[in-house]
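J.: Chains as they are written, first to last, in UniProt numbering: chain Y, 1 to 636; chain S, 1 to 636; chain Z, 1 to 636. The C-beta atom is built at its ideal place from N, Cα and C for all residues, glycine as well. All of these numbers come straight from a predicted model, not from anything done at the bench.
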C-alpha cells in the first residue's frame, strides 16, 4: 500500500502521520509524506532515524532546532530519496496528528524458485524445520509449500539469533537471496513468528501443499494377487506418511530384521526415499541426515537398541537442530515384545510406522504406533512377506525404480520359505529379468552371509551389490552372489560335519521324530551359520531324510531353538506352561505355533528341556503344518 | 616512538639512520628521515625496498645511480608519504652513519574486545593455546587475559606457518581483525615468540588475570552441614583448577562411576562447565571439544580405559593441535587400583583431579594426582556422597544453575543408601522442589536402568532428562522416570523369579544367615539387573525377611559379589588371606569391610568359595554394620 | 593458431569463415575475420553471440536487419576488441563460405606449478582421481605428471556437474586458477573427456612421469646380510607400487599382525608413506584419507575383517568419491587361510600386496595378489622377520627416516625370537643408538602390552612413542617402555601364579615332558596375558627348568595352543589326521611344524586332546627344533 495514494486524507487540520510496520520497505513510503520515526544514532552532523527495520536516513543538523537522544520519537517528513538510495528527512512539529498504520505490501516468494531472485530482497512464509548454530550465524531452514531453503541470521559470532523462534514455528522472514558456494541461502533481515489468523492461513497453505506433494503414486501391482492388493490402501497411507516426513525435513530411521526378507524390504524403501530426498532437498548431505537404516540384532526392538536410537536422535537434535525422527519398523515391530521399546519413545515426538508379516499383536502394539500394515490383519499370513509388501511400498514412493525391483519379491519369498501360490508368478517375473530360481535362492543365502559378517552394520553399498538394488555393475553383482553363497554353503557344510554326529534321535509316542543337538558344544561358536540357522539346516535335512513328522531342538546354555514339521505344536502356549511348571526356570520366548525359540536360566536347562520334550510327545500329528524361518529365533 | 621527534640528534657530521624493528608501522617513520632498507624487488622503473615488515615503497629508477639485486642493503630517505599510502624513497650515500634502533610503539589490543576493531591492524600478546593446520592457513588460537581469538597465518596452502612457534608459547602478533562468516579472526602479518623479560611481563599479566578469572564463586551450602562444609576449601581449589583449565583452553575429560551417585556427581559439573565454556569461548564447537564425559565400566580406572583415553587425547593433539586434557575422576579414582592407570598418564602432561567417596588410599594415589577431595580424608565417610560434593562444586563453578540442582543430593544419597543425618534435610529440599521420596528413589533406579542400556555411552541428553539437570521439559522428565523405573522393577522381578528358588540357605556358627546364589546359572545373563545388583536385591529381601544378621554371596564362574548386614567382616583382609591359602586360586578383589567383590580363576571356584564361607562363619556379629552399594562390585 | 595469419586464403570468391573449437580463447581470434557464431541471448539493443565457450559478444541492434532467436546460427565479423575486453560483431551474409576449423592453441599448465598462475586461465590435462559432490560445486581432483589439484565445476547447487566424467577418466580442463582459503583451486570453465589419440598421448605422458616419480630409492642395507639382500628387488617392486599408489591418489589400507614384529613392520612403512604423501599432496587431510592402518585380531585375514574393510571402502567411494584402496598385508597374508578374504575382494578393483614371513602357500595365495615378498620363497625362513624387511622397504619409499629406524629390526627379531645370525649385528646397530638388549626386549613386551589394551585400535601416537618411530620425545619413550614392560611382567607373574599350580605334567614314551594347562579355568580371562601368550610363558619356563624336550598344551573350551621344543612334531599333519579320526570334532587349525593352535567344538574337547596327546607321544625327539612365537596362535 502506498500511503501517498491510498492513505486516508487527514485534511489540513489533522495531518496524517504514517506509522510503518517493522517489515515495511522504501516502496511503502513516499516523498513529502509524514512518518513516525525513532532516533537510532546521533552524530556531529545530525541524527539518524528509523521508520522501519529497513527504512532509515538522516535529519541534517541544519534542520534540527533541539537535541535528540537515541530512542527519542519524532515525526519527520521524507524530503528526498536520493539516487544512491539515501533518504533525507526534516523534523515536523505536530500537536495532534492522525496516525495511520501502514502494513508492508509484499509478495511472498517461494523457496522452490529463489534461483531467479538472487540479489533480491524477498519475503518468505513457512515452517522452521531445522535450526543449526554455527560459529558465525544461526541457520534457520525454512520450508514452505514448494521446498526448503537455509536462511542465515546473525546476532553475534556463535550466538543464537532469534532465540524466540523455535523449531516447527511458522514464520515470516525478510531477507536477501544469495548464492554461497553455489548454493542458495537467504541472509535474514527480519524474522518473526506468525500468530493467530496469519499463522492459520500459512499453516493451511503449507498443509494443503504438503498433502498434495506427499500423495503417493498409483502403481499397478507387479503381479495380480488379490491377497496383497487388499493391503494397498494401507501401504499407500504409509507411503504418504513417509513422503510427507521427507517434505517436513524430519529424519527417517529404519530398523529392520537382519535377514533376507528384512533386507528385501528395507533396501527398496531406502532407494525410493533417497531418490525422493534427492529431488526435494538441495543439500547433498540431506540423504545421509534424513535417512538412516539399521538392522536389528534381535527379532524385536530391544531396550538396548531403542535406548541407543533415542540417544542418537537427541544428540542430532541438540547438535544439528534436527527434528526428532520418524521410526519405520520393517519385517519387525508387530509383536508384544516391541512394546517396551515403543513405550520408551512415547515420551518423545517420534512417530512410528510398522510394516511386518510376523504374527501381530495389534491390541498391545497399536496404541503406540501411527501406522501398521500386516497381512494377519487381513486374515492373510506370513506368506505375504515384508519384502513383497515393501517393493510395492517403494514403488508408491518413487515408481521410477520399478525396473530395479522386479526380482526382489521372489528373493524375499524364497528367503522366508513363503508357500504363497503367488510365488510362481514372482519367480517367473524374476526369471524374465534373467534370474533362475537357484540363483534367487543363492541371493538369499548371500544376503544372510553378508549380513552375518557385517555384524549389524547396514553395509549399504555391499548389500546393494548383493541384492542388485541401486547397484551399477551387474557382473560384480553376479560374481559376488556366487562367491558369498558358495562360502555360506561351505561354512554350513563344515558346521554340520561337526554337529551331525552329535544329533540325538528319539521316537516320540506320537511317532514323530525328535532330534536334539547341543549347538553350543557341538558346533563352532561365533561363526556362520549361527545356532538358529544351524538348527534349521539340521531340521531340513531330517525332514527330507525321513519324509515323516519331525521336531528339532537346537539348544545352547540358556536357549533353545525349535522347528517342527507335521506336528500340531503351540509354542507360545508351551512357553506359558513351562514358565509356571518349572519354578525358577525363567522360561520366556515366543514364535509361531510350530517354530520359535525359548530362553531360560542356564542352571535349569535339563529341567526345562525335559519338560519341553514331554509336552512335545503329547502333540498330535498334522501333516499340513510346516515350519518356516519367519519365527523368532535366537541368532546373535 | 617517532624518530623525527625523539631520536638523538646525530648532528651534521654523523647523520642518524634509523633501523626500524620488524613490527614497526608507518606511524614509526617520518618524511625526511633516513632509514636502513633492504631491496625486495627489482622492476623496470626502480627497486622496491623494505624498512620493516609492513613499511616499504619504491625508489624510482630516475633516482638510482647503480643497480641493485634483491637482498641488497642501502640507506634511503623517506621523501614522501602519498595520499594513497604509497611511499617514495631516494637512496642516500653515507659512509659512517650513526644507527639508531627504533622499536614499534603500539598499544596491545585485547582479544575480548576485538569486535570494535574490525578492519584495524592490532597488536596482540598472549599464549598460543591451539595450532590447527588447515588446507589453507595455519590457525593459531591466541589467549590473553581477556579471551581467545583464532589467528590465521598463511605460508603456503596446507603448509604449517611459523613452525618455530609451538603450543603454549607466548607470542607477539600483529594482524588485521576480520569478520569471517560472522566470527572474528585475525589475519596474521607478523608472529614472533616472546623471550626474556618481555615474556615474563606478558606471562605475569596473563597469569594474574587468569588467576583472577578462575576464582570460584562463593556459595552458601544448600543445607547446613558442617561435615560437608569443612571440605569446601578443597572443593573450591578443584573449582578453581577446572575454571582455569577452561580459560587455558585445555580440554577436560571426566571419567565417572556408571551408577546413580556417579551421574548425580558428573551431570551438575558437566552443566556448570558447559555454561562456563559458553561464556568464555566464542566457537560453538568449544563445548564439545573442551569437555567430554565418559562413564567407566569398572569401579576403578582400568588399563583398557586409560589406554583408550590416552590414545584419543594424543590423536586430538596431533589432528586438532589441542593441548592434552585434564582428567577429572568423579565417584571413582581414590583407590590403589587406579594407580597403574595414573602411572601410565604420568609420562604425559595430563593433570589429574579426584573427587570421590570410596575408601581412599592417599599414600598410593596422591603422588600421581593434582587434587584430591574425599570425605575419608576428613574422618568422614561414604555417607557424604560424591553427588552431594559435586553439586556444591558445580555451583562454585557456575552458581546460576543452583535452581536446577536442589533435588540432586537427595537422589545421590538415596542411590548410594547414604545413612547421613543430613539426608533428611536433602530430602526436604527436594520435596520443596516437588519431589517426594519415592520419586527420588525412582530417579535413582531410572538412572541405573538407563545407564545399563546405554552400555557406557554417556547418553547426555537422555540422562539429563532423567535427572532433570539441563532438561527443558518437566513433564517428559516425570514420565520418563516413571517409565524407566517401572521397567527396572519389572525386569528385577523377573530376574528374582528365576533366581530366588535357587538361593541356598545355611546358618553359620555365628547364627548369621548365609545365602548363596549362582548368578551365572540361575539368573538371566546380559540383561538388567546384572549380577551385582541381582545379588544386592536378594540380600535386601533376606535382611527384611529375617530381621537378623545376613551375608549374601552371588557368584559367577570367576567372581563373587559379597554383601553383609550385622556381621563384622573385613573383606580386604579375607582377600589377602584367601590369596595365600588357596594356591593357584588367583584371588583378588576389594571393597569395604562389609561389601565387596572378589575374582578368582574359574577352575578354583569351589575351593575359593568354601574357604570364604569358612572365614565368614568365624566373623563376629555386630548389628551396626550395614552394607551399602558403594563397594566395588562386579557388574559389567 | 591465429587464423588471420595461418588460415588458408579463401580468395575473394570463397571467403573463409572460421569455426572456433569450444575451448578457443580470444587469442585464437582476430579483428576483421569472419566466424561462425550462435545466438545465446536476445536483448533490446541487439543479440549476444558465442564463437566458443569463452569468446562471445554483442551484435548491436543497429546492425541487425532481421530478428534472431536463441540458438540461431549466423556468420559474423569480429569488428573490434575494446579495451575493456568487450567484443563487437556485425552479421555477414555469405552464401557458400569455406569453413576452416580452428583448434585452440594453448600451453598445457602443470598442476604442480599453478601457484604462479593465480588469476590466469589455464589448460590442464590429467586423470580425474577423485570426484566429490559438495552442497555447491562438484570438485574434480585432477592429477597430472606433476601433482594433483582440486577443480570446482558448478552446474546447480548440489547437483553433480559433468555427470559424463567418471573417476579415472583422462580429461582436458580449462579454468581459472584461484586461491581459496589460501589453497589453490581451479574454477572450471570447460571439462571434456579425452578420447582416442589425445587420450593415449596424455596417458603416456602421465604414465611415464608417474613411473619415474614412483621409482623407489636405492638404499644400502642397514647391515650386510645376503639372505635379506636377495629379497631387495622384490621389496623395491613393492616400494614402487606403494609410491605409485600414492601418486595416483588411491588410498592404502594396511592390515597387520597385532604383535611386536607386526608393529615393527607397519610403523616404519606408515611413517615413510605419510612423509611421501605430505610431499606429494597439498591437502593436509590427505595423510588421513590416503593411509589407514589396522591391526588384525586373528593371525589371518578374517571374513569379518574383510567384510568391514570392503564396506568402509565402498562407503568412502560413495561419499567422498575416492578410489577403492590398495590393501597391504604385513606380517600376515601369505597363507591359505587368507584366501576366502582375498576372493571376496577379487570382485572389486582392490590390488593386494603381501610382505610376510609366515610359512606361505603361494599356490593358493598368488592368484589373488599383486605382489608377494616372503623369505620362504627364497628358501629362507621366519628368521628374516617382517619388521626387518619392512624397515628396508620403508627406507626405499622415504630414505630420510633411516635414522629413526636403526633399532627397529632388533626389536622385531627379539619379539619374534629370530635365531638369525644377523641378529648380532642388528642388536649392535641398536646398541649404537643407545639401546641395550634388555631394553630392546622390553620394547617388544611394551608393544605387545600396549596393543592388547588398545584392543585392535591402531593407537598410532601411543605406539609410535613406544617404538620411538616418529616420536619426538626420547625421554617419554624410555619411561613409557619401562612402565609398560614392567606392567606386562607384573601381570604375567600374576597370571602364572594362578596358572602354574594347575599345570599337569606327564612323561611321554619318547621321554619328552608334556605339560597341560586349562587356560580357561586356571588363568584370568579377558586380561593380559591372553591364553596363547600364557601358554608360551609356561612353556619357556619349563624348557629352562628341565633342559629337556618339552611339549606344552594350553587349552580352553574349544581351542588348544601348542608349543614344543626338541620334538619332531608336524602340527598341520596332526590336524588333518585328527579331523578324520575324531568324528564330529570339527578339528581345524594350523601353524608351523612345532608351534600352532587348533580349534574344535566344545563338546569334543576330551576326545580331541586325548587323540592329540597320543600322536605327540609317538613323535621323535630332535633337539634342533625350537618353537617360536610366529606360529598362528589363538589370542583374542
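What three-state label does DSSP hand residue 597 of chain S in the structure shown?
T.: The answer is strand: DSSP assigns residue 597 of chain S an E or B state.
J.: DSSP on residue 98 of chain Z, reduced to helix/strand/coil?
T.: Looking at residue 98 of chain Z - three-state DSSP - the assignment turns out to be strand.
J.: Rank S/611, S/49, S/312 by C-alpha distance to the C-alpha of residue 253 of chain S and give the top, closest one.
T.: Measuring from the Cα of residue 253 of chain S, the nearest candidate turns out to be S/312.
J.: Could you pull the DSSP bridge partners for residue 177 of chain Z from this structure?
T.: The partner list for residue 177 of chain Z (beta bridge, DSSP) reads Z/186.
J.: What is the DSSP secondary structure of residue 622 of chain Z, counted as helix, strand or coil?
T.: Coil, per DSSP.
J.: DSSP has residue 141 of chain S in a bridge; who is on the other side?
T.: S/130, S/150.
J.: Report the start-end ranges of each beta strand (DSSP E) in the region 469–557 of chain Y that is 3 residues or longer and not cut off at the edges.
T.: Within the region 469–557 of chain Y, the complete beta strand (DSSP E) runs of at least 3 residues are 504–507, 513–518, 550–555.
J.: Listed from N- to C-terminal order along the chain, which residues in the region 513–537 of chain Y have their beta-carbon within a distance smaller than 7 Å of any beta-carbon of chain Z?
T.: Residues 518, 520, 521, 522, 523, 524, 525.
J.: Under 8 Å by Cβ, that's how I've got residue 396 of chain Y and residue 216 of chain Y pegged, so tell me the actual separation to the nearest angstrom.
T.: Indeed, because the Cβ distance is near 4 Å, the residues count as touching under 8 Å.
J.: What residues in its chain sit with their C-beta under 8 Å from that of residue 608 of chain Z, if we drop five residues either side in the sequence?
T.: 560, 578, 582, 585, 587, 598, 600, listed in sequence order.
J.: Identify, in the order they occur along the chain, each residue of the same chain with its Cβ nearer than 6 Å to the Cβ of residue 491 of chain Z, setting aside the five sequence neighbours on each side.
T.: Taken in chain order, the residues that qualify are 528.
J.: Please give me, in chain order, every unbroken run of the beta strand (DSSP E) with length at least 3 that falls completely inside the region 241–297 of chain Y.
T.: Whole beta strand (DSSP E) segments, 3+ residues: 252–257, 291–296.
J.: Chain S partners of residue 502 of chain Z, CB-CB under 7 Å?
T.: Those within 7 Å of residue 502 of chain Z in chain S are 584, 603.
J.: With 8 Å as the threshold, decide whether the Cβ of residue 315 of chain Z is near any Cβ in chain Y.
T.: Yes, contact with chain Y.
J.: Can you find the residues in the same chain that come closer than 6 Å, C-beta to C-beta, to residue 423 of chain Z, ignoring five residues on each side of it along the sequence?
T.: Around residue 423 of chain Z: 413.
J.: I want to verify the contact list: residues of chain S whose CB lies under 8 Å from the CB of residue 454 of chain Z, in sequence order.
T.: What residue 454 of chain Z touches in chain S: 307, 308, 311.
J.: So is residue 162 of chain S in contact with chain Z if we call contact Cβ pairs under 8 Å?
T.: No - not a single Cβ of chain Z is within 8 Å of the one on residue 162 of chain S.
J.: For residue 361 of chain Z and residue 373 of chain Z, what's the separation of their Cα atoms in angstroms?
T.: Cα to Cα, residue 361 of chain Z sits roughly 12 Å from residue 373 of chain Z.
J.: Mind listing the chain S neighbours of residue 462 of chain Z? Cutoff is C-beta to C-beta under 8 Å, in chain order.
T.: The contacting residues are 307, 310, 311, 314.
J.: With contact counted as at least three CB pairs below 8 Å, one residue from each stretch, are the region 282–301 of chain Y and the region 213–229 of chain Y in contact?
T.: As far as the Cβ criterion goes, the region 282–301 of chain Y does not touch the region 213–229 of chain Y, which means the pair count is below three.
J.: With 16 other CB atoms within 10 Å as the buried threshold, where does residue 130 of chain S fall?
T.: Buried is the call here.
J.: Exposed or buried, residue 230 of chain S, counting other C-beta atoms within 10 Å across all chains shown (16 or more means buried)?
T.: It is exposed - the Cβ of residue 230 of chain S has fewer than 16 other Cβ atoms within 10 Å.
J.: Cβ atoms of residue 23 of chain S and residue 174 of chain S: under 8 Å apart, would you say?
T.: Result yes, Cβ atoms of residue 174 of chain S and residue 23 of chain S sit closer than 8 Å.
J.: Return the chain-ordered list of same chain residues with a C-beta closer than 7 Å to the C-beta of residue 161 of chain Y, the five sequence neighbours on each side being excluded.
T.: So the list reads 137, 138, 153, 154, 155, once near-sequence residues are dropped.
J.: Just to confirm my understanding: we take residue 453 of chain Z, look at its own chain, exclude 5 residues before and 5 after, and list those with CB closer than 6 Å. What are they?
T.: No residues qualify anywhere along the chain.
J.: For the region 263–278 of chain Y, which residues have a CB atom closer than 8 Å to at least one CB atom of chain Z, in sequence order?
T.: Answer set for the region 263–278 of chain Y: empty.
J.: Closest to residue 407 of chain S by C-alpha separation, out of S/398, S/390, S/539, would be which residue?
T.: Considering only alpha carbons, the answer is S/390.
J.: Of all the beta strand (DSSP E) runs that stay within the bounds of the region 362–411 of chain Y, which reach a length of 3 or more residues?
T.: The region 362–411 of chain Y contains these whole beta strand (DSSP E) runs: 371–373.
J.: Output yes or no for whether 8 Å exceeds the beta carbon distance between residue 59 of chain Y and residue 91 of chain Y.
T.: Result yes, Cβ atoms of residue 59 of chain Y and residue 91 of chain Y sit closer than 8 Å.
J.: So, for residue 51 of chain Y: in the same chain, excluding its five sequence neighbours on each side, which residues have a beta-carbon less than 6 Å away from its beta-carbon?
T.: The answer, listed in chain order, is 20, 35, 37.
J.: Near residue 126 of chain Z, what residues of its chain come up, given a Cβ to Cβ distance below 6 Å and the 5 sequence neighbours on each side ignored?
T.: Closer than 6 Å at the Cβ level, and outside the excluded window around residue 126 of chain Z, lie 142, 143, 144.
J.: If you pair each beta-carbon of the region 448–465 of chain S with each one of the region 257–265 of chain S, do three or more pairs fall below 8 Å?
T.: Flag = yes, the region 448–465 of chain S and the region 257–265 of chain S touch.
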